[in-house]
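What follows is one structure encoded as structure tokens, with my remarks underneath.
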């Protein structure tokens, strides 16, 4: 009779390696220990079994000789059974590790996806970094250009300030020029008025000179007439009268010119003031001469009327 181990499907040949559970099922000791490490149940009836409740089976074997062929077959069969058990265990391990491998592959796929995502983000970040570097370079160029423009602007501001100062100076000069023009116009007007006054006075002088010439001619005629009747005293009185007439005419001419030329009045008045002192003495003498001339003229007129009669 052949007894098999349900776990490894191998024949129970050596009595030293046979153990049984509380439910009475027998197994190889090694197979039963490996089973209980995974599950504390009977491999055949699935009742609860713990390691402390398994026992070794003791068999009484007869001393009859067993043929060598049976021994060899049994040993080979035992080896085959043990190898099959190992194969089963390896298959279980393979299933376990394959399932674990699938889990790890899923995790690996997720990690690869995350890596791809991170790589895409890195590429995007690198592109943004490159764009930012380009912007920084452009900003640096713009900053340099701005610095150059600032220097130019400061120079232009200095030039503008200089131009403003020039404009202020020009405006000041223009105002002074206008004031000078007004002053020149006023002076020209005064000059024209003075020239007109001078021309008028010259005309009056000419007319007065004509009058004096006429009076001189009249005087000469009277002198010729009076030389026949009057003596030396009468001639002196007539000369005094002529001088008085001339001085009166000159004074009237000066007064008329001073009235017409207001700019010359000051100078003329100053000249007249200096001459008045000297003329006062002459006026006293002229008054005396007038008195004598008036008396002599009356006498001469009387004598002339007498001669005519």
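Numbering (UniProt numbering), first residue to last: 1 to 309. We treat Cβ as the ideally placed atom computed from N, Cα and C, and that holds for glycine. It should be emphasised that the depicted structure is a prediction, and the values quoted were computed from it without experimental measurement.
When burial is assigned at 16 or more other CB atoms within 10 Å of the CB, is residue i buried or exposed?
i, result
"residue 81", "buried"
"residue 10", "buried"
"residue 18", "buried"
"residue 120", "exposed"
"residue 275", "Interpretation of residue 275 is limited by its pLDDT of 47, a score under 50 that renders its predicted location unreliable; the figure taken from the coordinates is listed afterwards. Classification for residue 275: exposed."
"residue 334", "Any answer about residue 334 is impossible in this case: the structure gives the chain only from 1 up to 309."
"residue 31", "buried"
"residue 207", "exposed"
"residue 138", "exposed"
"residue 335", "Any property of residue 335 remains undetermined from this structure, which presents the chain solely from 1 to 309."
What number of angstroms, rounded off, separates the C-alpha of residue i from the C-alpha of residue j?
i, j, result
"residue 76", "residue 84", "12 Å"
"residue 191", "residue 177", "20 Å"
"residue 5", "residue 43", "10 Å"
"residue 105", "residue 113", "12 Å"
"residue 164", "residue 149", "22 Å"
"residue 151", "residue 166", "22 Å"
"residue 269", "residue 204", "With a pLDDT of 45 at residue 269, under the threshold of 50, the modelled position of this residue cannot be trusted; read the value that follows with caution. Straight-line Cα distance between these residues: approximately 19 Å."
"residue 174", "residue 157", "25 Å"
"residue 184", "residue 153", "44 Å"
"residue 38", "residue 128", "56 Å"
"residue 144", "residue 135", "14 Å"
"residue 93", "residue 108", "21 Å"
"residue 211", "residue 198", "19 Å"
"residue 40", "residue 33", "10 Å"
"residue 3", "residue 78", "12 Å"
"residue 48", "residue 91", "25 Å"
"residue 196", "residue 161", "51 Å"
"residue 172", "residue 146", "38 Å"
"residue 97", "residue 117", "29 Å"
"residue 187", "residue 169", "26 Å"
"residue 110", "residue 133", "33 Å"
"residue 278", "residue 181", "Since pLDDT at residue 278 reaches only 44, below the 50 mark, its modelled position is unreliable, and the value read off the structure follows with that caveat. Spanning the two alpha carbons is a distance of roughly 43 Å."
"residue 226", "residue 193", "47 Å"
"residue 222", "residue 213", "14 Å"
Quickly, what does DSSP pair residue i with across the bridge? List them, please.
i, result
"residue 115", "Answer by DSSP bridge pairing: none, since residue 115 is not bridged."
Helix or strand or just coil, what does DSSP make of residue i?
i, result
"residue 290", "Its pLDDT being 47, under 50, residue 290 is placed unreliably in this model, and the coordinates cannot settle the point."
"residue 59", "coil"
"residue 41", "strand"
"residue 184", "helix"
"residue 34", "helix"
"residue 103", "helix"
"residue 25", "coil"
"residue 4", "strand"
"residue 123", "helix"
"residue 46", "coil"
"residue 18", "strand"
"residue 9", "coil"
Is it true that the CB of residue j sits closer than 8 Å to the CB of residue i?
i, j, result
"residue 13", "residue 99", "no"
"residue 27", "residue 50", "no"
"residue 45", "residue 29", "no"
"residue 56", "residue 22", "no"
Would residue i count as contacting chain B if we go by Cβ distances under 8 Å?
i, result
"residue 225", "In the structure shown, chain B does not exist; there is a single protein chain."
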